[in-house]
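Colleague: Residue numbering for the sequence shown follows the numbering used here, beginning at 5 and increasing consecutively.
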Amino acid sequence: MSNPRTYLDNIYPYVLFSQKYLFSPGQTSGPRICYASSIILIEEGLGRLHLNDRVYDAKPGALFYIAPGSVHKWEADVRSPMIHRCAYFDWKYTERPGFTHQNDYFDYTDFKTDRARISYIGPQIHLDIPEHTTVKDIKAWLSMFDKFTSLPELLAEHHFPYSLEMRGYFQLFLHHFITYINSSASFDPRIQKVIHMLNELSSSISGEPVDYLLERCAKEARLSLSHFHALFKRQTGYSPKAYWHNTILLKTKDDLRFTNLSITEIAAKYRFSSINYFSKAFHKLTGCSPTEYRKRNSIY
C-alpha cells in the first residue's frame with residue numbers, strides 16, 4: 005500500500021446521502037453506474053451483486069465497496085429480498101451542477117456518457133479496499149449507519165449538504181470502515197499482496213508469459229502453485245489467470261478513454277495476439293467493441 009499520508013492530505017470525505025433501502029421480491033437494479041463512491045451493508049435478506057466482471061452473494065453481513073463509475077447490478081431474491089444500508093459519498097468535494105436528488109447520481113443509459121458527465125465521476129482513493137468483506141456484529145454497524153442516515157423529509161426538501169453533525173458521524177464511520185478492512189481476516193494478506201503486485205505489473209507490460217508471471221506471484225506469496233490458485237479463486241472468485249486477463253482489459257479502457265493511441269496500438273501494447281482477439285475479449289467484458297467504447301467515453 006502506498007504511503008497513506010500522500011492521499012490523506014488530499015482527502016476530505018463528503019457524504020452525499022444515505023438510506024435504508026428495501027428491495028421487492030425479485031427486483032433488479034441496474035446495470036448502472038454511480039458517480040459517487042458507495043458503501044453498502046446487507047442488513048437482511050438475500051440477493052446477488054454483479055460488480056464490474058464479478059458476481060458476489062449478497063447476504064446478511066456482506067459489506068460492499070463500489071468505486072465511482074463501476075458498472076454494477078443488484079438482483080434481489082424472490083423469497084427473501086435484500087434490505088440495504090447505503091452510504092454514498094465523495095472522497096473529496098466534486099462539482100456536479102444541477103444534481104439535487106439522489107437519482108441524479110445514477111446513470112442507466114447504456115453509459116453513453118457525454119464529456120460533461122464523465123467529469124461527474126468522483127475521485128478514487130489509492131488504498132487497497134476490497135470490493136467485498138463480511139462483518140459479524142451487524143447491529144453495531146447498523147447503529148453507525150443510523151447516526152448519519154438521511155430522514156425522508158430532508159431528502160424530500162433537498163436539504164443538501166448535510167449538517168456538520170451528520171458529516172462528523174459519517175467520517176467516524178468511514179474511519180471504522182477503513183480500520184476494519186485493514187485488520188479483517190476475511191481477505192488473506194498474501195492474496196492482497198499478489199493483487200497489488202498484479203496491478204502494478206499491469207501498468208508496465210513485459211514479454212513475460214502469464215504462467216511464469218503467476219508462478220512468480222505464488223513464490224512471492226510463499227505458496228505452492230496449487231494452493232495459490234485455490235486460495236486466489238476462493239478469495240476473489242476468479243482464477244489468477246482470469247483476474248490478470250481482466251486487469252489488462254481494464255487498463256485498455258483507460259487508454260481508449262484518455263489517449264489517442266489507435267486500437268491496433270493498444271492491442272499491441274498489451275500483447276494481445278491479434279486485434280480480433282482483443283476486440284472479442286473486450287466485448288465480452290464490457291458488452292461493446294473497443295471502437296464503440298471510445299466513441300462513448302473518450303475525452304479527446
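C-beta: ideal position from N, C-alpha, C; glycine also.
Round the Cβ separation of G49 and E79 to the nearest angstrom and send it over; I've been treating them as touching at under 8 angstroms.
Modeller: Locating residue 49 in the sequence shown gives position 45, counting from the first residue. Locating residue 79 in the sequence shown gives position 75, counting from the first residue. Between E79 and G49 the Cβ distance is about 12 angstroms, and since that is not below 8 angstroms, they are no contact.
Colleague: How long is the line joining the alpha carbons of P85 and P64, rounded to whole angstroms?
Modeller: Start at 1 with the first residue of the sequence shown, and residue 85 comes out as number 81. Start at 1 with the first residue of the sequence shown, and residue 64 comes out as number 60. Their Cα atoms are separated by approximately 11 angstroms.
Colleague: Which one of R89, L20, L26 has the shortest CA to CA distance from A66?
Modeller: Counted from its first residue, the sequence shown places residue 66 at position 62. It is R89.
Colleague: Which runs of the alpha helix (DSSP H) at least 4 residues long sit entirely within the region 50-135? Give them in chain order.
Modeller: With a minimum length of 4 residues, the continuous alpha helix (DSSP H) runs that stay inside the region 50-135 are 119-122.
Colleague: I believe P134 touches W95 by the beta-carbon criterion, under 8 angstroms. Please report the beta-carbon distance rounded to the nearest angstrom.
Modeller: Taking the first residue of the sequence shown as position 1, residue 134 is located at position 130. Taking the first residue of the sequence shown as position 1, residue 95 is located at position 91. In fact, because the Cβ distance is near 17 angstroms, the residues do not count as touching under 8 angstroms.
Colleague: State buried or exposed for G73, treating a residue as buried only when at least 16 other CB atoms are found within 10 Å of its CB.
Modeller: To locate residue 73, count along the sequence shown from 1; it is residue 69. With 16 or more other Cβ atoms within 10 Å, it is buried.
Colleague: To the nearest angstrom, how far is it from the Cα of N4 to the Cα of L131?
Modeller: The chain is shown only over 5 to 304; residue 4 falls outside these bounds and no answer can be derived.
Colleague: Give me the Cα-Cα distance between N264 and D81, rounded to the nearest whole angstrom.
Modeller: Within the sequence shown, the letter at position 260 stands for residue 264. Within the sequence shown, the letter at position 77 stands for residue 81. Approximately 44 angstroms between the Cα atoms of the pair.
Colleague: Tell me the DSSP bridge mates of I44?
Modeller: Position 40 of the sequence shown, counted from the first residue, corresponds to residue 44. For I44, which the question treats as bridged, DSSP gives the partners F68, C90.
Colleague: Going by alpha carbons, who is nearest to G34 out of D111, G102, T251?
Modeller: As a working note, residue 34 is residue 30 in the sequence shown. For G34, the nearest C-alpha among the options comes from D111.
Colleague: Could you tell me if the beta carbon of I87 falls within a distance shorter than 6 angstroms of some heavy atom in the ligand SAH?
Modeller: Here there are no bound small molecules, and the ligand SAH is not part of this structure.
Colleague: Measure the C-alpha to C-alpha separation of Y109 and L55 and round it to an integer number of angstroms.
Modeller: Walking along the sequence shown from the start, residue 109 turns up at place 105. Walking along the sequence shown from the start, residue 55 turns up at place 51. About 17 angstroms.
Colleague: Taking the alpha helix (DSSP H) that F232 belongs to, which residues open and close that run?
Modeller: Within the sequence shown, the letter at position 228 stands for residue 232. F232 -> alpha helix (DSSP H) spans 229-240.
Colleague: From the DSSP output, which residues share a beta bridge with I37?
Modeller: Start at 1 with the first residue of the sequence shown, and residue 37 comes out as number 33. DSSP lists D111 as partners of I37.
Colleague: Given that a residue counts as buried once 16 or more other Cβ atoms are within 10 Å of its Cβ, and exposed if not, what is E161?
Modeller: For this step, residue 161 is matched to residue 157 along the sequence shown. Note that E161 scores 44 on pLDDT, short of 50, meaning its location in the model is unreliable and no value can be drawn from it.
Colleague: Given L253, which residues of its chain have a CB within under 7 angstroms of its CB, disregarding the five upstream and five downstream residues?
Modeller: Walking along the sequence shown from the start, residue 253 turns up at place 249. Once the five neighbours on either side are set aside, the close Cβ partners of L253 are A285, F286, L289.
Colleague: Mark F262 as exposed unless 16 or more other C-beta atoms lie within 10 angstroms of its C-beta, in which case mark it buried.
Modeller: Stepping through the sequence shown from its first residue, residue 262 is reached at position 258. Label assigned to F262: exposed.
Colleague: Going by DSSP in three states, Q31 sits in which element: helix, strand or coil?
Modeller: Taking the sequence shown and counting its residues from 1, the one referred to as residue 31 is at position 27. Note: Q31 maps to coil in three-state DSSP.
Colleague: Just to confirm the assignment: which complete alpha helix (DSSP H) runs, minimum length 4, are found wholly within the region 243-302?
Modeller: Fully enclosed alpha helix (DSSP H) runs of 4 or longer: 244-262, 267-273, 279-290, 294-301.
Colleague: Express the C-alpha separation of F149 and D215 in angstroms, rounding to a whole number.
Modeller: Position 211 of the sequence shown holds residue 215. Position 145 of the sequence shown holds residue 149. Going by the C-alpha atoms only, they are around 44 angstroms apart.
Colleague: Let me know if S147 comes out buried or exposed under the rule of 16 or more other beta-carbons within 10 Å of its beta-carbon.
Modeller: Mapped onto the sequence shown, residue 147 falls at position 143. With fewer than 16 other Cβ atoms within 10 Å, it is exposed.
Colleague: Starting from the C-beta of A71, find all residues in its chain whose C-beta is less than 7 angstroms away, skip the five residues before and the five after it, and write them out in chain order.
Modeller: Stepping through the sequence shown from its first residue, residue 71 is reached at position 67. Within the same chain, A71 has close Cβ partners S41, Q128.
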